[in-house]
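Q: Numbering follows the working numbering, with no gaps: position 25 of the sequence shown is 7.
For every residue, glycine included, the Cβ atom is placed at its ideal position computed from N, Cα and C.
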Amino acid sequence: MVRFSRARDPATRWSNHVIDNSLVLENYSVYKVFSLKKSLIKFLATAFGAGYVPKIPGTIGSLWGVLLFYILSAYPFWYQILVTLAVCVLSIPLSHEAEKIIGTKDAKQICIDEVAGQLVTYLFVSYSLPNLVMGFVLFRLFDILKIFPANWAQDELPGGMGIATDDIIAGIQAGLVLLIVGAFI
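1) Am I right that Phe121 and Thr147 are in contact with their C-beta atoms under 8 Å? What's the rounded C-beta distance?
2) Tell me the DSSP secondary structure of Lys82 in three-state form.
3) Within the same chain, show all residues whose beta-carbon is closer than 8 Å to that of Ile63, passing over the 5 residues directly before and after it, in chain order.
4) State the CB to CB distance for the pair Ser77 and Ile92, rounded to an integer number of angstroms; the pair is presumed to be in contact (CB under 8 Å).
5) Under 6 Å Cβ to Cβ from Ser4, same chain only, skipping five residues before and after it: list those, please.
6) How long is the line joining the alpha carbons of Phe130 and Phe25, rounded to whole angstroms?
7) For the alpha helix (DSSP H) containing Gln100, name the first residue and the last one.
8) For Glu79, is the classification buried or exposed, using 16 other Cβ atoms within 10 angstroms of its Cβ as the cut-off for buried?
9) Helix or strand or just coil, what does DSSP make of Tyr34?
10) Cβ atoms of Leu114 and Gly47: under 8 Å apart, would you say?
11) My guess is that Gly43 and Gly31 are in contact by the Cβ rule of under 8 Å, so how many angstroms apart are they, rounded?
12) Compare the C-alpha of Leu158 against each of Trp60, Phe124 and Ile38 and name the closest.
13) Whole angstroms is fine: what's the gap from Ala152's alpha carbon to Gly40's?
14) How should Thr86 be labelled, buried or exposed, when 16 other C-beta atoms within 10 angstroms of its C-beta is the threshold for buried?
15) Quick one: using the 10 Å Cβ neighbour count with 16 as the cut-off for buried, is Glu81 buried or exposed?
16) According to the neighbour-count rule (16 or more other Cβ atoms, all chains shown, within 10 Å of its Cβ), is Pro36 buried or exposed?
17) Considering only their Cβ atoms, is the gap separating Gly144 from Gln136 smaller than 8 Å?
18) Who are the Cβ neighbours of Gln155 in its own chain at under 6 Å, not counting the five residues just before and after it?
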């Protein structure tokens, strides 16, 4: 509780103020929880901060997807599917909330969608160095070109759904091309 004094003497003017410290601490704790939540959302949505790399945040986010695929290649295929599905599903609300926090529509810093799309690309092929490199290049190409229906998803779907879905579609497109190219090589 704060009480104000009308004392004319400056020395006594501030001496009559009483501050209830429990209220200050309670409000500070609530602020810290919300601040921590926002920080965690931004950390995950920017693919562990990769989205803050100047000029090429999407490429760095895709490289996180390549690294994750490399790690997942040591596990059974069903595990790769499970992790890819989890990243895809989580990328939608994370992108949506991060967009609100950052305050920019489809902000460049948000690159969890690139991680999801890159993982989707690799669902179509087995692990090999050529598949790793070609999958990365093809996904980046399809992500940048935004071939239908990826461009429609980005423009028409709201919030995190539009942010994530266009990259997931680009991942499907890149994966299919990678599968077809792999069949002929």
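A: According to the structure data:
1) Position 139 of the sequence shown, counted from the first residue, corresponds to residue 121. Position 165 of the sequence shown, counted from the first residue, corresponds to residue 147. Phe121 to Thr147, Cβ: 15 Å. No contact.
2) For the purposes of this step, residue 82 is identified with residue 100 of the sequence shown, where counting begins at 1. Helix, per DSSP.
3) Position 81 of the sequence shown, counted from the first residue, corresponds to residue 63. So the list reads Leu105, once near-sequence residues are dropped.
4) As a first step, residue 77 is located in the sequence shown; it is residue number 95 there, counting from the start. As a first step, residue 92 is located in the sequence shown; it is residue number 110 there, counting from the start. Correct: roughly 5 Å between the Cβ atoms.
5) In the sequence shown, residue 4 corresponds to position 22, counting from 1. Low local confidence applies: a pLDDT of 48 at Ser4 is under 50, so the model's placement there is unreliable, with the coordinate-based value given in what follows. Beyond the five residues adjoining it in sequence on each side, Ser4 comes within less than 6 Å, by CB distance, of no other residue in the same chain.
6) Locating residue 130 in the sequence shown gives position 148, where the first residue counts as 1. Locating residue 25 in the sequence shown gives position 43, where the first residue counts as 1. Our two residues, Phe130 and Phe25, have alpha carbons roughly 30 Å apart in a direct line.
7) As a position in the sequence shown, residue 100 is number 118, starting the count at 1. Taken as a continuous stretch (DSSP letters only), the alpha helix (DSSP H) holding Gln100 covers Ile94 to Tyr104.
8) The residue given as residue 79 occupies position 97 in the sequence shown. The residue is buried, with at least 16 neighbouring Cβ atoms inside 10 Å.
9) Stepping through the sequence shown from its first residue, residue 34 is reached at position 52. Tyr34 falls in the helix class under three-state DSSP.
10) In the sequence shown, counting from the first residue as 1, residue 47 sits at position 65. In the sequence shown, counting from the first residue as 1, residue 114 sits at position 132. In this structure, Leu114 does not lie closer than 8 Å to Gly47 by Cβ.
11) In the sequence shown, counting from the first residue as 1, residue 43 sits at position 61. In the sequence shown, counting from the first residue as 1, residue 31 sits at position 49. Beta-carbon to beta-carbon, Gly43 and Gly31 are separated by about 10 Å, too far to satisfy the 8 Å threshold.
12) Sequence index remark: in the sequence shown, residue 158 carries index 176 (1-based). That would be Phe124, whose Cα lies nearest to the Cα of Leu158.
13) Taking the sequence shown and counting its residues from 1, the one referred to as residue 152 is at position 170. Taking the sequence shown and counting its residues from 1, the one referred to as residue 40 is at position 58. Take the alpha-carbon of Ala152 and the one of Gly40: they are about 13 Å apart.
14) Within the sequence shown, the letter at position 104 stands for residue 86. Flag for Thr86 reads exposed.
15) Counting from 1 along the sequence shown, the entry for residue 81 is found at position 99. Burial is judged here by how many other beta carbons sit within 10 angstroms of a residue's own beta carbon; Glu81 has at least 16 and is buried.
16) The sequence position of residue 36 within the sequence shown is 54, counting from 1. Exposed is the call here.
17) By one-based count along the sequence shown, residue 136 stands at place 154. By one-based count along the sequence shown, residue 144 stands at place 162. Yes, Cβ-Cβ distance for Gln136 and Gly144 is below 8 Å.
18) In the sequence shown, residue 155 corresponds to position 173, counting from 1. For Gln155, the CB contacts under 6 Å within the same chain, skipping 5 residues up- and downstream, are Phe124 in chain order.
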